[in-house]
Every structure is written in structure tokens, then in C-alpha cells.
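In terms of my numbering, the sequence shown opens at residue 118 and continues consecutively.
Here's the structure, in C-alpha cells; my notes come after.
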Amino acid sequence: MHKEGARTRKSSRRSAADPCRPCSPTCNRSRGLRGPPSSRPRPSISTVPSLGSPPGWRGAWHYRMDASPEAQQQVGGLVLVRRQPPKPRGLTETLKARLQRSCRCSVPRAWALVQDLIPATRWLRQYRPREYLAGDVMSGLVIGIILVPQAIAYSLLAGLQPIYSLYTSFFANLIYFLLGTSHHVSVGIFSLLCLMVGQVVDRELQLAGFDPSRDGLGPGDNSSTVNSSVAMLEPGLQDCGRDCYAIRVATALTLMTGIYQVLMGILRLGFVSAYLSQPLLDGFAMGASVTILTSQLRHLLGVRVPRHQGPGMVVLTWLSLLRGLGEANVCDVVTSAVCLVVLLAAKALSDRCRHHMKVPLPTELLVIVVATLVSHFGQLHKRFGSSVAGHIPTGFVPPQAPDLELMQHVALDAVSLALVGSAFSISLAEMFARSHSYSVRANQELLAVGCCNVLPAFFHCFVTSAALSKSLVKTATGCRTQVSSVVSAAVVLLVLLALAPLFQDLQRCVLACVIVASLRGALRKVRDLPQLWRLSPADALVWTATAATCVLVSIEAGLLAGLLLSLLSLVGRTQRPQATLLARIGDSVFYEDAAEFEGLLPPAGVRVFRFSGPLCYANKAFFLRSLYSLTGLDAGRSAAKRKGQGSELEAGEGDPMEGKDPESSGTRLVPVVAGFHSVVIDCAPLLFLDMAGMAMLKDLRRDYRALGVSLLLACCSPLVRDALQRGGFLGEDQEAEEEQLFPSVHSAVEAAQARYGELVAANSVL
């Protein structure tokens, strides 16, 4: 007895847990009952809540063994039990309950809030120095060594002095150490954002009366060169030179960007970054890389050309370079060629031997050190006129609040910066979290990156985000936690306090080479375009359009074009999903696409239609066209034609079933139209159903009933079933619902064939 009871309970649990949609080979096993169709009872639907049901569940279908042996014998041991829906609460009660929960104050609750806002307070207590410290210190030292030359080089992109890039790297590492949820992401200066910052800085400099062709990276001459089109500087700028005004613009832009990102985190808008698809980001990186490469050519060649703004900047810059090619500095050209060969060769060697090297080669630092020594002892600046970095001060500048008036000027530019920085930061954090089996919080990442922009904006820093190349280096060098960021900040601090002046004789062309070499990975993504086209032409179109718009128009326009195309692609896929007719796989209870697989058996007199997408106002016409085309019967036109000939409809227009069998309202046998008497819609892939889709289904059922064809629905999800119930499609009583909804395609096909057989038998008797 004990074993038999245990076996019964085990069978009950297995029946309750398994899904009930055996419509394809990939689904779980069939729920069909044994015996001929005529004697096979359908599972009864009960409104009695099952034992142990958690509160708040609604419309969940499941099987369980009925407690009564008589009931088991009647229905074959299977009972379909529907959970009782919870009593809905009003809006006032819901808001009041949430307000009470949020205003409840206690010490554990306050400490939990602190841990959520500052994740370092949680994971630092679990830090294991023996396991983590060696890897964190090693990766921190390597990243710090890489950060220094990149920070100085990326000043060319932002149009600012190198000291501000070092400030940015220092503060960003410390703040993300406290607030970030990723263990491996490296937050700091990012080439794409530096380029976008530089474009805004150049525009504001030109509007203020400064010469944008002068770089902030220079000997420190803060005298303003007034454009010929501007007679004088704006009021209040007489005491602020070009470099001073440039950093004021950059800090105002940084503060606005950080405010947007913090607000996105507070409002739980981390999901917004999901709409920036991977093809969009790859195409944006490609287009921005071409723009960065173009902006650095003048430094590689030592040519003085104007810095163009607005649409067509890349094309105009290339034309200016071609016109000024005869004025190229031979020393800069030779130095650029040698440095590029060394950097690219070292990167190729590092990629090939990355599995054998625990620490990547600090090629950028070695090139910068050697180039600085050669420039210093060879007097390249005096003898050949080669441009150099100039004096780089040490220490920290007193903090200063960003200019409110400038914040209003750059408020719109900060939107694109906030979106790009957020998208790259969240996507990188999630990528490393998946590969190392831990989780990150997207909204907290927004807060962390936003604070990395808000707080440093008062300390002469510019926009930062996560960077892929440095994050990969951190992972490769044994990083375990964000303690490595503290080590990197310590290395940058050492340079800030003592070593920065040593780089004053460094040539700008060497810094441009470092930037161009770092674009190698992004530029190589163009090789993935043919494979992307084979996988998804829509994604390839988004990639191409984004990259082309970035190059031919502007960075911001490229981002906007890519976003619009991604949304249109998503809408197009939703509007025209796959629609197929299903057929039976041999003698099994599974059904698959008859156009894709050979040897399938279409059920006699029944058409099984699958629509792989939502049914809403945007695609209801496509749904009808696909159904009519695949079944070979335009039910709407045929029903209207029959009505025009005087035939009476079997049901009122748009009325529910009213508890009657749709095929039993008459005693005469309606002729089979187009070779079938029933249509079964497989609703398993149906994501949701809106009111337009509901009205279309009602009209479709009315037209089919006028032609003597029954319409049955199978495998409806609880969401779709509730929508059908609320929309009046199922009627008021339980019998009407049982006659239209079926837990599997096979049960719906058998029911349709059994009903038609009974109707044929009844008419033959008459």
C-alpha cells in the first residue's frame, strides 16, 4: 500500500508539472488519453483551487490527480484545475501599500539600502586576499600602465590638455570601485566618447570666438586667437583662454550627461539600452572609428588643417588633407610610420600568443617612452618643427562648479553621450557577468556610470564609460574584483603627482599612432558584415546604415539613424511574422510545418494554422491574408457572397456563443467548403492579443460559421485566454469555453473530427 500510494503521488506531481502543448517534436510528451476518439473524454475544467497553490497566480493550467476515485475513472485520472484569481485591489489601495512599504524605516532596511547603493560595502566583507589580491594587483598595474599613454593620447580627440584625461581616469576608477556591480569592467576614458566631446568643444570654441584649429594639447599658451569672422570674444571670456574655456565646456557637458544617466537609473530605465542592438553598436563603433582615424591623420602627417564641424565633416577633412599634403612634416611622417608598424605588429603578435602570455605587452608605454627619449635628445621640436605635447602640470586643480549657461547650450548634445555611454557600459557589464557566472544590475550600472560623470565634473574631468579593450586586459591579467581599479588609480595618481612633466617632449604624432592602433579591433568588424548579412539582412542593413551615416553625416545622426532602423526592423518582424500550416508526424500526436518537413500527414478535413507572433492591430490584416492564402478559402468574401445570395447566417454578427455548440444550431449538414470543415489555430507562439485582434477573431468565427466551418483554438497561454475571456470571445458559461479552447493541437483536431462525424451521423439518420 505504501509503495502504491507513493507511486500515485509521484504520478500526480509529474502530471501537474509538465506543460500541455504537444504540438511539435520539441515539446514535451503528449497528454492524449488512450482509447478511440469517441470514447475519449476531454479533461474537465474546474474552478476549484488546487491544494498548495501560491496566492496571486491566475489562469494557470495544470493537471493533477483528483481526490475521488470515481472522478478518476470518469475522466481517466486527469482533471484540469483552474486557480482562483486573487481579488483585485483598487489603485488607491495599491499606491497606499507601496507607499507604506517604501516609508517603513528600520536599521536593517537602511543598511540594505546602503548596500544596494554602494555595492562595495557588501562584497568587500567577503573579499579573500589570499585568492584575489595577487590577480587584482597585477591587473591593476597593467591597466594603470595602459591608462597613462591612452589618457595623454585621447586628449587629442577631446581637444583638452592631457592633465584632464589623467584626472578623469583617476576619479572614474575610484567611483566605479564603490558603486559598480561588475567585477571586471574598466571604466575610464573611451575613444568614441572623447571624439563626441571634442566635437562639442570645437563647436562651442568657435561660437565663443576661439580658433578651433588649435589643439588643447600644447605648450600651454592660453592666448586666444580670434577668428576672422568673430570680432571679439564673448563677454566674460577675456580672462579665460582657449584651454580654460574648453575644459569649462567639457565639464558642463559631463555634468549634463551624468545627470541624465543618474535619472535613468533612478527611474529604472536600464532596459532602454536594450533597444540599442548589437548591430547598431557595432556599426556605430565602425563609423566612429573611421571618423577618429580621419581626425588623427593631420597629426600623423604634421599638417595644419581646419577642424571641420557639422555634416560631412569626414569628407571635408579628407579634402583639406589632400590639399595640404604638400606641407606634411617629414619628421612626423617618418615617426608615424615607424610607430604604427611597431604598434600593429605588437598587437598582432599579442593576439596570436595571448594564450601563452599571462600579462600583455605594454607596447603603448614602451613606444611612448622610447619616442619621448628620442624627441628629447634629438631636439625634434626645434630642429624639424615637430609638434610636441608641451608642459603637463602636476598635482590637482581646485574644484570648480560647471557653468550653468554652458550646461543649457550642451543639454541636447549630452543626450547622445548618455545613451552611448550607458549602452556600452551595461552591455559590457552583462557580457562579463555571463562569462564569469555572476549577475549585475542594469539600473545600478546606470547610477555608477552617472556618478562617474556627475562628481568628477566638479574636478575638471570629462565624460567616461566602460571600455572593452581595457576590460578584456583586466580579465586576461587575473582580475577578480574592482580592487584592481584602486591599484590603477594609484598608478595614475603617481603620474599626476610626479611623472607627468616627463612627457612634455612627446610628439603628437606618436599619440595619434596610439589612437589609430587602438581602432584596429573596431575597424576589423567590417569583415563580419558578410556573415551578418547571411544570418540577418535586416541587422546587416542597420549596421551599414549606421556606419555610413556616422561617416557621411555626423556621429549623432548615425546613432539616431541606427536607432530608428532598429525599431523599424523590430516593428517589421512583429508585423509580418511567420505563418504556416501544420501537419501530423506519422501516428504521433505532434504537428510540424508541412512546408518545411516531408512525409507529414495533414489531418482529414482540418486545417491547423500557426501564427508565430502577436495578434494586434498592426498585423491583423497579414494574419487574415496568410490564413486565407494557406487554407485556400477567403472566408470573408465567401460569407459575404453567400449572404448576398440570401443564405442565413447561423449566428448573430459578433455575438458570443451563448452556451451553444456552433455546429449544432441546425440539423442539416452544411457542405464542406474548400475541402475542410474545421480550422484549428495553434496559439502557442501567440504572444499577446489586443482588442483589434479580438474583433478580427470574432469576425473570422462569424464568417466561418456562415460557411459551416468551425474555428477552434489550441495551446492558448493564460495571457491570451484571459484576453479572450475579457473580450467576450468565449461566452459566459464554462461549456462554451470548453468547446473552443483545447490544451493541445492534437486534442483540438480530434474534437473537430469527432464533432463532424456526429453531425454527419445525425444528418444521415434524418
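For glycine and all other residues, C-beta sits at the position ideal for the given N, C-alpha and C.
As the structure is a computational prediction, the values presented were derived from the model and not from experiment.
If you draw a straight line from the C-alpha of residue i to the C-alpha of residue j, how long is it?
{"i": "E522", "j": "Q496", "result": "44 Å"}
{"i": "G595", "j": "G257", "result": "10 Å"}
{"i": "A369", "j": "I672", "result": "20 Å"}
{"i": "V389", "j": "A559", "result": "10 Å"}
{"i": "H794", "j": "L699", "result": "16 Å"}
{"i": "L460", "j": "L658", "result": "33 Å"}
{"i": "A823", "j": "L682", "result": "43 Å"}
{"i": "P519", "j": "R365", "result": "6 Å"}
{"i": "G315", "j": "A528", "result": "15 Å"}
{"i": "Y708", "j": "E547", "result": "37 Å"}
{"i": "Q857", "j": "P802", "result": "18 Å"}
{"i": "V877", "j": "Q870", "result": "10 Å"}
{"i": "L640", "j": "I509", "result": "32 Å"}
{"i": "L717", "j": "I798", "result": "18 Å"}
{"i": "Y271", "j": "E715", "result": "60 Å"}
{"i": "L536", "j": "D319", "result": "21 Å"}
{"i": "L534", "j": "K758", "result": "60 Å"}
{"i": "L613", "j": "G675", "result": "36 Å"}
{"i": "C361", "j": "L483", "result": "31 Å"}
{"i": "G419", "j": "V670", "result": "26 Å"}
{"i": "E875", "j": "T209", "result": "53 Å"}
{"i": "E855", "j": "G848", "result": "11 Å"}
{"i": "V862", "j": "R754", "result": "27 Å"}
Rounded C-beta distance between residue i and residue j? I'm assuming under 8 Å.
{"i": "L828", "j": "R838", "result": "At roughly 15 Å, the Cβ-Cβ gap does not stay under 8 Å, so L828 and R838 are not in contact."}
{"i": "F575", "j": "P516", "result": "5 Å"}
{"i": "A506", "j": "R625", "result": "7 Å"}
{"i": "S686", "j": "A655", "result": "4 Å"}
{"i": "A445", "j": "L623", "result": "Actually they are not in contact, since the Cβ atoms of A445 and L623 sit about 20 Å apart, beyond 8 Å."}
{"i": "R597", "j": "H416", "result": "About 38 Å; that fails the 8 Å criterion."}
{"i": "A565", "j": "G297", "result": "4 Å"}
{"i": "V422", "j": "T434", "result": "7 Å"}
{"i": "A463", "j": "L478", "result": "6 Å"}
What's the call for residue i, buried or exposed, on a 16-neighbour Cβ count within 10 Å?
{"i": "S308", "result": "buried"}
{"i": "W228", "result": "exposed"}
{"i": "S185", "result": "With a pLDDT of only 39 at S185, under the threshold of 50, the placement of this residue in the model should not be trusted; the figure read from the coordinates follows. The residue in question, S185, is exposed, as its Cβ has fewer than 16 Cβ neighbours within 10 Å."}
{"i": "T374", "result": "buried"}
{"i": "Y555", "result": "exposed"}
{"i": "P225", "result": "exposed"}
{"i": "N880", "result": "exposed"}
{"i": "H553", "result": "exposed"}
{"i": "T452", "result": "buried"}
{"i": "P266", "result": "buried"}
{"i": "G337", "result": "Any answer about G337 is weak, because its pLDDT of 42 lies below 50 and its placement is not dependable; what the coordinates show is given next. So G337 ends up on the exposed side."}
{"i": "R218", "result": "exposed"}
{"i": "L274", "result": "buried"}
{"i": "F846", "result": "buried"}
{"i": "S223", "result": "exposed"}
{"i": "Y734", "result": "exposed"}
{"i": "I632", "result": "buried"}
{"i": "C104", "result": "It is not possible to answer for residue 104, since the shown part of the chain is limited to 118 through 883."}
{"i": "L628", "result": "buried"}
Cα-Cα, which of the options is closest to residue i?
{"i": "V706", "options": "S864, G507, V224 and F288", "result": "S864"}
{"i": "A289", "options": "R320, M811 and S602", "result": "S602"}
{"i": "A868", "options": "C456, S743, L830 and I263", "result": "L830"}
{"i": "L747", "options": "P860, A696, W650 and A565", "result": "A696"}
{"i": "M811", "options": "L741, G792 and A756", "result": "L741"}
{"i": "A678", "options": "Q870, V458, G427 and L393", "result": "L393"}
{"i": "G722", "options": "I263, R872 and L806", "result": "R872"}
{"i": "C357", "options": "K204, W435, F714 and L322", "result": "L322"}
{"i": "H577", "options": "R221, L589, T285 and V882", "result": "T285"}
{"i": "A325", "options": "V304, Y293 and R359", "result": "R359"}
{"i": "L295", "options": "L418, V600 and A214", "result": "V600"}
{"i": "H472", "options": "D449, N570, T592 and L490", "result": "T592"}
{"i": "G567", "options": "S223, L234 and R206", "result": "L234"}
{"i": "L750", "options": "R724, N736, L732 and G730", "result": "R724"}
{"i": "P618", "options": "Q278, L230 and K213", "result": "Q278"}
{"i": "F728", "options": "R693, A757 and P719", "result": "R693"}
{"i": "A268", "options": "A584, Y745 and R440", "result": "A584"}
{"i": "A607", "options": "F287, L410 and D530", "result": "F287"}
{"i": "L646", "options": "S539, T663 and L264", "result": "T663"}
What ranges does the alpha helix (DSSP H) occupy inside the segment 439-521, keeping only unbroken runs of at least 4 residues that lie completely in it?
Correct list: 447-469, 480-495 and 497-501.
Which full runs of the alpha helix (DSSP H) of 4+ residues lie inside the segment 790-875, going along the chain?
Assignment of alpha helix (DSSP H) within the segment 790-875, counting only whole runs of 4 or more residues, yields 808-823, 835-843 and 851-857 in chain order.
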